[in-house]
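Going down the list, the protein sequences come from chains A and B.
Per our numbering, the very first residue in the first sequence carries number 1; after that it's consecutive.
Per our numbering, the very first residue in the second sequence carries number 1; after that it's consecutive.
Before any comments, here is the structure.
Protein chains: 2
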Amino acid sequence: MKLGNPYGTHRVIEPKGALPQPAKKINNDMNIYSNEILLNVKTLNVDSASFTQIKNACDNDEKKIENMILNIVNERGKLQNPVTGSGGMLIGEVLEIGDDFPDKDLCVGDKIATLVSLSLTPLKIDRILKINKDTDQVDIIGKAILFESGLYAKIPEDISEKLSLAVLDVAGAPAQVNKLVKDGQNVCIIGGGGKSGVLCAYQAKKNAKNGKVIVVEYSKENAERLKKLDIVDEVVVADATKPVDIYEKICDITKNELCDVVINNVNVENTEMSSILITKDEGIVYFFSMATSFTKAALGAEGVGKDINMIIGNGYTKNHADLSLNILRESNKIRNLFEKLYI
Amino acid sequence: MKLGNPYGTHRVIEPKGALPQPAKKINNDMNIYSNEILLNVKTLNVDSASFTQIKNACDNDEKKIENMILNIVNERGKLQNPVTGSGGMLIGEVLEIGDDFPDKDLCVGDKIATLVSLSLTPLKIDRILKINKDTDQVDIIGKAILFESGLYAKIPEDISEKLSLAVLDVAGAPAQVNKLVKDGQNVCIIGGGGKSGVLCAYQAKKNAKNGKVIVVEYSKENAERLKKLDIVDEVVVADATKPVDIYEKICDITKNELCDVVINNVNVENTEMSSILITKDEGIVYFFSMATSFTKAALGAEGVGKDINMIIGNGYTKNHADLSLNILRESNKIRNLFEKLYI
Ligand SMILES: NC(=O)c1ccc[n+]([C@@H]2O[C@H](COP(=O)([O-])OP(=O)(O)OC[C@H]3O[C@@H](n4cnc5c(N)ncnc54)[C@H](OP(=O)(O)O)[C@@H]3O)[C@@H](O)[C@H]2O)c1
Ligand SMILES: NC(=O)c1ccc[n+]([C@@H]2O[C@H](COP(=O)([O-])OP(=O)(O)OC[C@H]3O[C@@H](n4cnc5c(N)ncnc54)[C@H](OP(=O)(O)O)[C@@H]3O)[C@@H](O)[C@H]2O)c1
């Protein structure tokens with residue numbers, strides 16, 4: 001068995017010298033290198049921005065969605081949406097562990113969730129068993145490879161596989177909120193009625209304590225179910241692609257103070273300006289949404305003369321898997337809701 | 001005279017409710033609202049990422065470049081490159097000031113540089129006089145509008161117009177470096193031989209003092225002229241689109257410590273992974289380059305398990321115009337070089 005590069009560059013076919021994530025095509029041959037592991041994949045959790053794009057492109061037709069997913073994987077060797085660039089993650093069982101794989105606690109048969117994006121994970125799909133359009137999850141028969149540097153989490157005993165998968169998909173978001181939000185602050189979660197949004201809202205309120213946590217959410221249903229969780233101070237039903245409207249609403253609620261921290265968790269384009277306008281001078285916008293445009297954010301802030309810090313949502317930060325799973329353990333209401341939505 | 005929205009939304013034609021920067025088309029009628037000012041434009045400084053794209057699309061042919069610029073402005077009412085989304089800035093003379101424009105010190109006849117992007121500035125070009133492919137500057141006969149929230153700087157007495165324009169175009173970059181870099185740190189400037197790169201390198205060394213400032217630069221010429229300025233500790237000639245090569249070189253120079261702060265100032269795509277790989281755990285990457293892809297950065301960092309902070313380069317921060325012009329006043333060597341390159 002040959003030793004591969006820790007970051008998986010040995011599997012990049014095109015362009016040469018690139019890393020697997022930005023690469024156009026990677027090698028999904030399922031014979032492992034000595035520092036890789038082989039997984040029997042059970043379920044893919046497609047990234048929300050990607051799945052929304054796929055559903056739209058396929059007129060929500062299940063057969064077309066299936067073909068589109070298979071075509072992407074055949075062409076690229078990985079499930080990377082060519083439009084959004086994003087992937088998702090997976091759960092599966094460990095089939096084989098290379099001798100040089102560093103984590104010696106991992107055993108064949110362990111159930112794990114990958115914490116690196118499908119947009120860089122070598123994947124082979126034999127068959128698609130079921131597409132769940134509501135949970136963004138796709139059950140398959142297939143295999144995948146994890147590189148030496150690839151992050152993963154063992155599926156916990158006390159939380160079901162599908163629920164773990166759903167939460168771990170967005171684990172970076174609440175963990176970053178934990179690093180950013182301080183007591184007494186005004187915080188706004190845009191798209192706070194969605195999966196990552198609810199987790200962020202919970203964590204934001206925990207950290208902001210006496211501060212104010214506001215959620216902007218598009219649909220009445222998501223807003224209602226969020227209100228029932230009793231975790232935030234205000235829920236605004238509004239369209240985040242309409243910055244002037246959002247700005248006026250947040251001015252009202254905060255008495256023109258605006259927000260110290262804004263977290264963007266939507267799955268649609270063109271919400272950068274809303275996020276920027278409602279942020280205080282020297283405040284922070286954390287863009288977790290994969291539909292964020294770099295130039296729209298950079299030039300948008302300059303265009304309105306806002307001296308704010310804009311952060312690119314890194315899906316990884318230390319301890320993110322535990323922190324997000326613990327939210328389910330702490331909040332029965334969130335756990336019950338997520339069990340209804342994602343299992 | 002009617003009062004316009006401070007952010008210029010009254011001029012957005014499509015899509016409704018958007019702000020001028022993300023808008024597809026804005027109204028470039030040159031009758032001002034009462035909180036706008038009208039400018040007689042002399043020179044456009046096209047954003048480097050945009051100009052590179054335009055030059056490539058036009059096979060570097062001057063007539064084609066001219067037509068492409070005119071077509072963009074005719075179609076959009078502003079000089080926003082449809083591929084990169086970016087613009088640039090301009091210098092001109094104040095022709096008319098609306099009664100409700102807030103800055104009462106500004107006078108008709110003043111020479112100013114706009115500090116908001118051309119990607120949101122209503123512009124009308126009567127004629128293109130000269131395209132300077134080396135400086136990214138385009139002399140025109142034409143007019144532009146600045147909104148109430150639009151930032152600008154008066155052209156200083158002691159620095160020529162063209163040189164001011166060149167430096168103010170990238171003023172955000174060294175000012176952000178000033179906020180991020182601390183004494184003793186390892187700092188790497190990727191694309192540090194270019195315009196914003198040189199200013200960032202100077203500011204980084206000023207702040208890092210006993211730390212180490214490393215520049216990665218593509219061309220030998222730019223590397224040589226940078227070395228002659230004597231402002232940095234190491235200059236590496238390498239291609240930042242090749243992350244593995246860059247990583248190995250920076251490991252060597254820093255004895256595997258890597259960098260506390262990485263500033264990305266290139267004008268080409270696919271340099272996110274190089275920036276990420278050479279950053280220390282919990283370090284900072286500041287992406288000033290307009291060719292940055294949000295998803296490549298977000299998923300790339302997760303993909304290699306890097307717990308780092310990635311910042312979107314906001315073109316504005318307080319006092320950025322003065323800070324960057326002062327670099328020319330402090331360093332004769334940089335001033336002489338920039339006078340050769342940009343006048
Ligand atoms: N940075 C990373 O590493 C990373 C990792 C995973 C996911 N993500 C990204 O994070 C984002 C959220 O993921 P998720 O799983 O939490 O998605 P989700 O559950 O689909 O949540 C998205 C939420 O945004 C709301 N929304 C949509 N359009 C809106 C609008 N115009 N105004 C206000 N709210 C709006 C949705 O409301 P409706 O349902 O009513 O439309 C929904 O509640 C996605 O973009 C995803 O790609 C990033
Ligand atoms: N965030 C903002 O508000 C804002 C405002 C203005 C500008 N910008 C952006 O900032 C960036 C830099 O602008 P600038 O005016 O400083 O541009 P510039 O003078 O053209 O500098 C770019 C530098 O990057 C180098 N480079 C190109 N490809 C490289 C590679 N593969 N590896 C290493 N170095 C490479 C270039 O070297 P060669 O010349 O040898 O190719 C050049 O020295 C652009 O992307 C621009 O769009 C951002």
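Cβ atoms here follow ideal geometry from the backbone N, Cα and C, with glycine treated the same way.
Quantities reported herein were computed from a predicted structural model and do not represent experimental measurements.
Alpha-carbon to alpha-carbon, residue j and residue i
| i | j | result |
| --- | --- | --- |
| A/Glu221 | A/Glu234 | 15 Å |
| B/Glu269 | B/Phe338 | 25 Å |
| B/Leu226 | B/Asn207 | 18 Å |
| A/Arg76 | A/Ala49 | 19 Å |
| B/Glu302 | A/Leu115 | 8 Å |
| B/Tyr33 | B/Val41 | 18 Å |
| B/Asn267 | B/Gly191 | 8 Å |
| B/Val170 | A/Ile26 | 37 Å |
| B/Glu14 | B/Asn81 | 16 Å |
| B/Leu328 | B/Asp61 | 33 Å |
| A/Asp126 | A/Thr84 | 24 Å |
| B/Ile145 | B/Val12 | 13 Å |
| A/Gly150 | B/Gly305 | 7 Å |
| B/Met30 | B/Leu38 | 7 Å |
| A/Glu148 | A/Gly8 | 8 Å |
| B/Glu217 | B/Asn314 | 23 Å |
| B/Ile91 | B/Ile312 | 26 Å |
| A/Gln21 | A/Cys107 | 27 Å |
| B/Val236 | B/Leu199 | 17 Å |
| A/Ala345 | A/Arg335 | Residue numbering for chain A in the displayed model covers 1 to 343; residue 345 of chain A lies beyond these limits and cannot be assessed. |
Amino acids of chain E, ordered along the chain, whose beta-carbon sits closer than 7 Å to that of residue i
| i | result |
| --- | --- |
| B/Lys242 | Looking for chain E here will not work: the only protein chains present are A and B. |
Residue i, buried or exposed, once every other Cβ within 10 Å from all chains shown has been counted against 16
| i | result |
| --- | --- |
| B/Ala57 | exposed |
| A/Val138 | buried |
| B/Glu36 | buried |
| B/Lys78 | buried |
| B/Ser219 | exposed |
| A/Asn28 | buried |
| A/Cys188 | buried |
| A/Asn310 | Rather than Asn, the amino acid found at residue 310 of chain A in this sequence is Met. Burial call: buried. |
| A/Asn45 | buried |
| B/Ile65 | buried |
| B/Lys133 | exposed |
| B/Leu364 | Residue 364 of chain B is absent from the model: chain B starts at 1 and stops at 343. |
| A/Ile141 | exposed |
| A/Glu224 | exposed |
| B/Asp105 | exposed |
| A/Asp230 | exposed |
| B/Pro122 | buried |
| A/Met290 | buried |
Original post:
Between the region 50-63 of chain A and chain B, which residues of the former have a C-beta closer than 8 Å to a C-beta of the latter?
Top reply: none
**OP:** With 8 Å as the limit, tell me which residues of the region 297-329 of chain A have their beta carbon closer than that to any beta carbon of chain B; keep them in chain order.
**Re:** So the close ones are Ala297, Ala298, Leu299, Gly300, Ala301, Glu302, Gly303, Val304, Gly305, Lys306, Asp307, Ile308, Asn309, Met310, Ile311, Ile312, Gly313, Asn314, Gly315, Tyr316, Thr317 and Lys318.
Subject >> Segments of 4+ residues assigned as alpha helix (DSSP H) that fall wholly inside the region 187-269 of chain B >> reply: 195-208, 220-229 and 243-254
Original post:
Using a Cβ cut-off of 8 Å, which residues of the region 98-121 of chain B contact any Cβ in chain A, in chain order?
Top reply: Leu115, Val116, Ser117, Ser119 and Leu120
Original post:
Name the residues in the region 71-88 of chain A whose C-beta lies less than 8 Å from a C-beta of chain B; which are they?
Top reply: Thr84, Gly85, Ser86 and Gly87
Subject >> At least 3 beta-carbon pairs within less than 8 Å: the region 279-288 of chain A vs the region 252-271 of chain A >> reply: yes
**OP:** Enumerate, from N- to C-terminal direction, the unbroken alpha helix (DSSP H) stretches of 4 or more residues contained entirely within the region 139-196 of chain A.
**Re:** 161-168 and 172-180
Original post:
Which runs of the beta strand (DSSP E) spanning at least 3 residues fall entirely within the region 97-125 of chain A, listed in chain order?
Top reply: Within the region 97-125 of chain A, the complete beta strand (DSSP E) runs of at least 3 residues fall at 111-114.
Subject >> the region 291-311 of chain B contacting the region 153-160 of chain B, beta-carbon criterion three pairs below 8 Å >> reply: no
Subject >> Any 3 or more C-beta pairs closer than 8 Å across the region 173-182 of chain A and the region 317-336 of chain A >> reply: Yes, the region 173-182 of chain A touches the region 317-336 of chain A.
Subject >> Inter-stretch contact (C-beta, 8 Å, three-pair minimum) for the region 99-117 of chain B and the region 66-75 of chain B >> reply: no
Original post:
Looking at chain B, which residues of the region 3-15 of chain A have a Cβ within less than 7 Å of any of its Cβ atoms?
Top reply: Tyr7 and Thr9
Original post:
What beta strand (DSSP E) runs, 3 residues minimum, are completely inside the region 292-338 of chain A?
Top reply: 309-312
Original post:
If contact means a Cβ-Cβ distance below 8 Å, which residues of the region 259-275 of chain B contact chain A?
Top reply: Asn270, Glu272 and Met273
Subject >> Contained alpha helix (DSSP H) runs [length at least 4] in the region 22-70 of chain B, N- to C-terminal order >> reply: 48-57
Subject >> Under 8 Å (Cβ pairs) to chain B, residues found in the region 174-202 of chain A >> reply: none
**OP:** Scan the region 285-296 of chain A for residues whose Cβ lies nearer than 8 Å to a Cβ of chain B and list them as they occur along the chain.
**Re:** Phe287, Met290, Thr292, Ser293, Phe294, Thr295 and Lys296
Original post:
Residues in the region 133-152 of chain A with C-beta within 8 Å of chain B's C-beta atoms, listed in sequence order?
Top reply: Ser149, Gly150 and Leu151
Original post:
Listed from N- to C-terminal order along the chain, which residues in the region 156-176 of chain B have their beta-carbon within a distance smaller than 9 Å of any beta-carbon of chain A?
Top reply: Gly172
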